[in-house]
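Trainee:
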Amino acid sequence: MEFENIILTKEAPIATIQLNRPDVLNALNRKLLTELAACVEELDSDESVNCIVLTGNEKAFAAGADIKEMAEADTIDMLSRDSFSVWDRIRGTRKPIIAAVSGFALGGGCELAMMCDIIVASETAKFGQPEINIGVMPGAGGTQRLTRAVGKYKAMEIVLTGEMIGADDAMRAGLVNRVVPVELYLEEAKKLAGVIASKPPVAVKLAKESVLKSHELSLKDGLEFERKNFYMLFSSEDQKEGMKAFVEKRKPKWKGK
Ligand code: HXC
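This note's numbering applies: residue 1 is where the sequence shown begins, and numbers increase by one.
1) Kindly indicate which three-state DSSP category S122 falls into: helix, strand or coil?
2) Note down the Cα distance separating G86 from E248, rounded to an integer number of angstroms.
3) Would the beta-carbon of E35 fall within 7 Å of that of N5?
4) Compute every distance between the C-beta of P258 and the non-hydrogen atoms of the ligand HXC, then say whether any falls below 6 Å.
5) Which residues does DSSP pair with Q18 in a beta bridge?
6) When the Cα atoms are used, what is the spatial distance from L28 to A173?
7) Excluding the 5 residues preceding and the 5 following I158 in the sequence, name in chain order all residues of the same chain whose CB lies nearer than 7 Å to its CB.
8) Please name the residue in R250, R94, R21, N50 whose C-alpha comes closest to that of M115.
9) Secondary structure at R148, three-state DSSP: helix, strand or coil?
10) Quick one: what's got a C-beta closer than 6 Å to E131's C-beta in the same chain, skipping five residues either side?
11) What are the boundary residues of the alpha helix (DSSP H) that includes L223?
12) D74: buried (16+ other C-beta within 10 angstroms of its C-beta) or exposed?
13) Within the continuous alpha helix (DSSP H) that includes V211, where are the two ends?
14) Quick one: Cα of E163 to Cα of A63, how far?
15) Would you grab the beta carbon distance between E123 and A167 for me? Rounded to a whole angstrom, and I think it's under 8 Å.
16) State the start and end residues of the unbroken alpha helix (DSSP H) segment that holds R91.
17) Name the DSSP bridge partner or partners of F104?
18) Can you list, in chain order, the residues of its chain whose CB lies under 6 Å from that of P201, leaving out five sequence neighbours each side?
19) Would the region 64-84 and the region 191-200 be scored as touching if the rule is three or more Cβ pairs under 8 Å?
20) I'd like to confirm something about L36: is its beta-carbon nearer than 6 Å to some heavy atom of the ligand HXC, or not?
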């Protein structure tokens, strides 16, 4: 597949997608998001890939949705563009996605990072939902995922003031998994992706699905969902292999089946 606004690098079992509109701090226009959705869908069904890293560049992960593309739109334009269907496609990825964030992750950029499963940040990362400064509010999950990640009070401050928070604050608030020097953020994300990619892929997918369900279901329904996925893994060859290898004191060889 040919892309203009993203760069895909496959180093099986990891794939890295780099957002590539550096002149506009990787502002997320429709073309970029459509390419990104197509790319993650393709990787989701590529058996050689177990984990995806999504990154920008040192200066910006992404500074938000492309403001110039939206500036003149009215409600009906926004509705008929159906911009969020591409976000839904990205959200539907069953393989884990690690965001490697340096520089600005603002508005839709912060929301895109939060749509990933793990966030590795450089010390220079800045997260924020500045939509309030341009007359709107978060629209791709900022009021929901951010609140679940950092709690009501911190989320309210970030959304209502539009102010950015640095990597260390984001780490303390529970928004990022780890903070590393800028020269290491991508390497660190890939290292983590390597660890996850070495695990049995079916169990990884079902575990991701179950953790995400905790945001949607009551505890009772979530526990039932988890239990069903747990039972389901007992018909995988990797469950037999994993447990047999433990008993035989050797390393398991995963088949992804
Ligand atoms: C379009 C953008 C952009 C954006 C930056 N640029 N952010 N273009 N949409 N979101 C462009 C600038 O116009 C400029 O282009 C170039 O990138 C460099 O940006 P500067 O502003 O000159 O850089 P700097 O002074 O370093 O300031 C960085 C910044 C600022 C603080 C990140 O660019 C900024 O505030 N950007 C907007 C952030 C924002 O409001 N994001 C939320 C968007 S709404 P030129 O051509 O002038 O060189 C949103 C809603 C999502 O995300 C809802 C879901 C769809």
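Each residue gets a CB set at the ideal place from its N, CA and C atoms; glycine is no exception.
Mentor: Checking against the coordinates, here is how it stands:
1) Reading the sequence shown from its first residue, position 122 is the one you call residue 122. Of the three classes helix, strand and coil, the one that applies to S122 here is strand, per DSSP.
2) On the sequence shown, residue 86 is found 86 positions in, with the first residue counted as 1. On the sequence shown, residue 248 is found 248 positions in, with the first residue counted as 1. Rather than Gly, the amino acid found at residue 86 in this sequence is Val. Each residue's alpha carbon lies about 46 Å from the other.
3) What you label residue 35 is simply residue 35 of the sequence shown in a count that begins at 1. What you label residue 5 is simply residue 5 of the sequence shown in a count that begins at 1. In this structure, E35 sits near N5, with a CB-CB distance shorter than 7 Å.
4) Since the first and last residues shown for the chain are 1 and 257, residue 258 lies out of range.
5) If you number the sequence shown from 1, residue 18 lands on position 18. Note: Q18 sits in a beta bridge opposite I7, T55.
6) Against the sequence shown, residue 28 aligns to sequence position 28. Against the sequence shown, residue 173 aligns to sequence position 173. Between L28 and A173, the C-alpha separation is close to 26 Å.
7) Reading the sequence shown from its first residue, position 158 is the one you call residue 158. Residues G128, Q129, L146, I165 of the same chain have their beta carbon placed closer than 7 Å to that of I158, with the five preceding and five following residues left out of the count.
8) Counting from one through the sequence shown, the residue named residue 115 turns up at place 115. Checking every option, the nearest Cα to that of M115 belongs to R94.
9) Locating residue 148 in the sequence shown gives position 148, where the first residue counts as 1. Residue state, collapsed to three classes: helix.
10) Your numbering for residue 131 matches position 131 in the sequence shown. So the qualifying residues of the chain are G107, M137, P138.
11) Along the sequence shown, one-based indexing puts residue 223 at 223. First-last of the alpha helix (DSSP H) with L223: 219-233.
12) Locating residue 74 in the sequence shown gives position 74, where the first residue counts as 1. Using a 10 angstroms sphere on the CB of D74, the tally of other CB atoms stays under 16, which defines it as exposed.
13) On the sequence shown, position 211 is the one that residue 211 refers to. 201-213 is the extent of the alpha helix (DSSP H) around V211.
14) The residue given as residue 163 occupies position 163 in the sequence shown. The residue given as residue 63 occupies position 63 in the sequence shown. When rounded, the distance between both Cα atoms is 13 Å.
15) Translated into the one-based positions of the sequence shown, residue 123 becomes position 123. Translated into the one-based positions of the sequence shown, residue 167 becomes position 167. By a beta-carbon distance limit of 8 Å, E123 contacts A167. Their separation comes to about 5 Å.
16) Position 91 of the sequence shown, counted from the start, is the residue given in the question as residue 91. Looking at the DSSP string, the run of the alpha helix (DSSP H) that includes R91 is 84-91.
17) Position 104 of the sequence shown holds residue 104. Under DSSP, F104 takes part in a beta bridge, and its partners are A60, K126.
18) Reading the sequence shown from its first residue, position 201 is the one you call residue 201. Excluding its 5 nearest sequence neighbours in each direction, P201 has C-beta neighbours in its own chain below 6 Å: N50, G256, listed in chain order.
19) Short answer: they don't touch.
20) Along the sequence shown, one-based indexing puts residue 36 at 36. Placement of the Cβ of L36 at a distance of 6 Å or more from every heavy atom of the ligand HXC is found.
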